[in-house]
Amino acid sequence: MVSQFTDNFDRKFYYLRLSITDVCNFRCSYCLPDGYKPQGANNKSFLSLDEIRRVTRAFAAAGTEKVRLTGGEPSLRRDFTDIIAAVRENRAIRQLAVTTNGYRLARDVAQWRDAGLTALNVSIDSLDPRQFHAITGQDKFHQVMDGIDAAFAAGFSKVKVNTVLMRDINHNSLHTFLEWIRTRPIQLRFIELMETGDGGDLFRTRHVSGKVIRDRLLSQGWVRQISERSAGPAQVFCHPDYQGEIGLIMPYEKDFCSTCNRLRVSATGKLHLCLFGDGGISLRDLLESDDQQDQLQARVAASLSSKKQTHFLHQGNTGITQNLSYLGG
Numbered sequence: 069m070v071s072q073f074t075d076n077f078d079r080k081f082y083y084l085r086l087s088i089t090d091v092c093n094f095r096c097s098y099c100l101p102d103g104y105k106p107q108g109a110n111n112k113s114f115l116s117l118d119e120i121r122r123v124t125r126a127f128a129a130a131g132t133e134k135v136r137l138t139g140g141e142p143s144l145r146r147d148f149t150d151i152i153a154a155v156r157e158n159r160a161i162r163q164l165a166v167t168t169n170g171y172r173l174a175r176d177v178a179q180w181r182d183a184g185l186t187a188l189n190v191s192i193d194s195l196d197p198r199q200f201h202a203i204t205g206q207d208k209f210h211q212v213m214d215g216i217d218a219a220f221a222a223g224f225s226k227v228k229v230n231t232v233l234m235r236d237i238n239h240n241s242l243h244t245f246l247e248w249i250r251t252r253p254i255q256l257r258f259i260e261l262m263e264t265g266d267g268g269d270l271f272r273t274r275h276v277s278g279k280v281i282r283d284r285l286l287s288q289g290w291v292r293q294i295s296e297r298s299a300g301p302a303q304v305f306c307h308p309d310y311q312g313e314i315g316l317i318m319p320y321e322k323d324f325c326s327t328c329n330r331l332r333v334s335a336t337g338k339l340h341l342c343l344f345g346d347g348g349i350s351l352r353d354l355l356e357s358d359d360q361q362d363q364l365q366a367r368v369a370a371s372l373s374s375k376k377q378t379h380f381l382h383q384g385n386t387g388i389t390q391n392l393s394y395l396g397g
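Here it is as structure tokens:
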């Protein structure tokens with residue numbers, strides 16, 4: 069038995085990001101500008117409910133305490149509520165989160181919470197409905213905002229909102245975002261635009277450092293909080309005059325990888341040690357029955373010996389990541 073997944077740099081992995089589908093119905097300019105196109109995978113090749121149960125059970129037995137369900141858009145799976153319930157059968161998993169475009173939030177969030185979902189991230193890159201439509205290719209701004217209201221009504225005490233920071237699109241909108249979270253328990257997370265294999269031109273045009281936002285926050289009295297061990301990579305800031313929080317995810321900042329605590333499994337059952345790594349390790353053959361758990365843990369543990377100390381985004385090496393829908397961004 070593996071007591072805790074740990075790599076050669078003594079980083080411990082408490083957090084699993086599990087993609088359950090590659091399919092997405094939005095066409096975000098920085099992610100899937102031409103819409104979803106199957107990469108030789110059909111729906112039947114995505115992890116089954118039993119395979120999801122087995123992989124999360126194996127990770128939990130090796131110290132994982134937080135699982136995030138991602139896509140594509142995870143709510144497009146018809147068995148999504150059943151997946152939530154299956155993961156939450158394991159009490160060692162204390163936090164179960166989802167990252168969603170919010171498309172089905174208003175309709176389904178109450179049943180997701182009843183099934184055991186504990187946290188929610190919604191992607192919203194603009195608070196202007198027309199700009200939202202231009203970025204996502206979907207005229208669904210008000211539907212997504214209604215979904216956030218529905219999440220609070222269903223009992224979520226906080227909702228995280230992911231905003232990809234883009235020059236001349238939203239990087240000058242900090243004031244608008246701050247007014248939105250002044251009276252709402254929303255953690256708004258600005259994510260630096262990352263270069264991908266297909267997104268070099270967009271990156272060079274739109275990338276802006278999160279330091280621009282951080283400097284403005286600090287000058288206005290915002291204070292950085294201490295992160296818990298299973299938290300994601302965001303630097304989180306709070307202010308006494310605001311009910312909400314601001315998070316900054318800055319992968320180009322020095323030492324970003326030093327606190328890495330998360331591993332990724334793709335929708336087709338491959339372990340990825342880094343979002344921007346080269347290739348993946350197949351786990352699918354060890355997800356066929358419950359009695360393979362020890363072998364599954366051993367394969368993951370052995371793979372960690374090859375996890376690099378850092379990504380190589382600074383050198384323009386984006387690995388095999390062609391767009392940010394791959395592995396749920």
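Numbering follows my numbering, in which position 226 of the sequence shown is assigned residue number 294; successive positions increment by one, without gaps.
All residues carry an ideal CB built from backbone N, CA and C; glycine is no exception.
Bear in mind the structure is a predicted one, so any value in this text is a computation, not a measurement.
Cutoff 8 Å; reference residue i; Cβ partners in own chain excluding five residues on either side
i	result
L364	R122, V123, A126, L351, L354 and L355
G197	Note that residue 197 is Pro in the sequence shown, not Gly. The residues are D207, F209 and H210.
Residue closest to residue i, alpha-carbon to alpha-carbon, out of the options
i	options	result
F148	A183, R159 and N240	A183
D358	Q288, I120 and P142	I120
G312	P253, Q211, I152 and S113	P253
I161	D193, D176, A128 and W290	A128
K226	R257, L233 and A202	R257
R235	E133, N329 and K279	K279
Q179	R159, S143 and S194	S143
A221	L195, H243 and V177	V177
R175	N169, V166 and A218	A218
C92	T138, V70 and E133	T138
V135	F209, R330 and I259	R330
V166	A366, L242 and E141	E141
C306	Y320, M318 and G289	G289
R172	F94, C325, V291 and R332	F94
D154	D118, P308 and R181	First, the amino acid is wrong: residue 154 is Ala here, not Asp. The shortest Cα separation from A154 among D118, P308 and R181 belongs to D118.
C328	K338, G347 and S295	S295
L188	I152, F209 and G103	I152
Between the CA atoms of residue j and residue i - distance to the nearest angstrom
i	j	result
G223	R272	41 Å
I88	A335	4 Å
T204	L261	15 Å
G131	F81	7 Å
T386	E263	In this prediction, T386 has a pLDDT of 45, which is less than 50 and means its spatial position is unreliable; what the coordinates show is noted afterwards. When rounded, the distance between both Cα atoms is 7 Å.
Y83	E247	32 Å
D207	S371	43 Å
N238	Q360	48 Å
T389	A202	Reliability fails at T389, whose pLDDT of 47 lies under 50, so the model's placement of it is uncertain and no value is given.
S287	F245	17 Å
L100	G315	24 Å
T186	D269	37 Å
Q199	R274	15 Å
P319	C325	8 Å
N169	A366	35 Å
I317	I259	5 Å
Y98	L343	16 Å
R146	D283	43 Å
S116	I349	18 Å
D323	Q293	18 Å
V291	L285	8 Å
Y240	L195	The question names Tyr, yet the displayed sequence has Asn at residue 240. Those two C-alpha atoms are separated by around 12 Å.
G347	K338	9 Å
Y104	V368	30 Å
H243	R181	32 Å
D362	V70	8 Å
E415	D102	Residue 415 falls outside the range modelled here, since the chain spans only 69 to 397, and no answer is possible.
Cutoff 7 Å; reference residue i; Cβ partners in own chain excluding five residues on either side
i	result
Q72	K80, A130 and G131
Q383	With a pLDDT of 46 at Q383, under the threshold of 50, the modelled position of this residue cannot be trusted; read the value that follows with caution. Result list for Q383: empty, nothing under 7 Å.
D150	L117
Proximal residues to residue i (C-beta, below 6 Å), its chain only, five neighbours per side dropped
i	result
R398	The structure shown has nothing for residue 398, since the chain only spans 69 to 397.
L341	K375
V229	V190, I192, I254 and L256
F114	T89 and A335
R156	L164 and G184
E133	Y82, R162 and S298
N158	R125 and A128
Open item on the list: Would the segment 366-381 count as touching the segment 75-92 if we require 3 or more Cβ pairs under 8 Å?
Closed with: yes
TODO: Evaluate contact between the segment 214-221 and the segment 299-318, counting only Cβ atoms and requiring at least three cross-stretch pairs below 8 Å.
DONE: no
TODO: With a floor of 3 residues, list each beta strand (DSSP E) that falls wholly inside the segment 117-169, ordered by position along the chain.
DONE: If we require 3 residues or more, the beta strand (DSSP E) runs fully inside the segment 117-169 come out as 134-138 and 163-168.
Task: Given 8 Å, three or more beta-carbon pairs between the segment 229-246 and the segment 276-294 - done: yes
TODO: Would you list, in sequence order, the uninterrupted alpha helix (DSSP H) runs of no fewer than 4 residues that lie entirely inside the segment 226-287?
DONE: 242-249, 268-274 and 279-287
TODO: Any chance you could list the alpha helix (DSSP H) runs of at least 4 consecutive residues sitting entirely within the segment 335-376, in chain order?
DONE: 361-371
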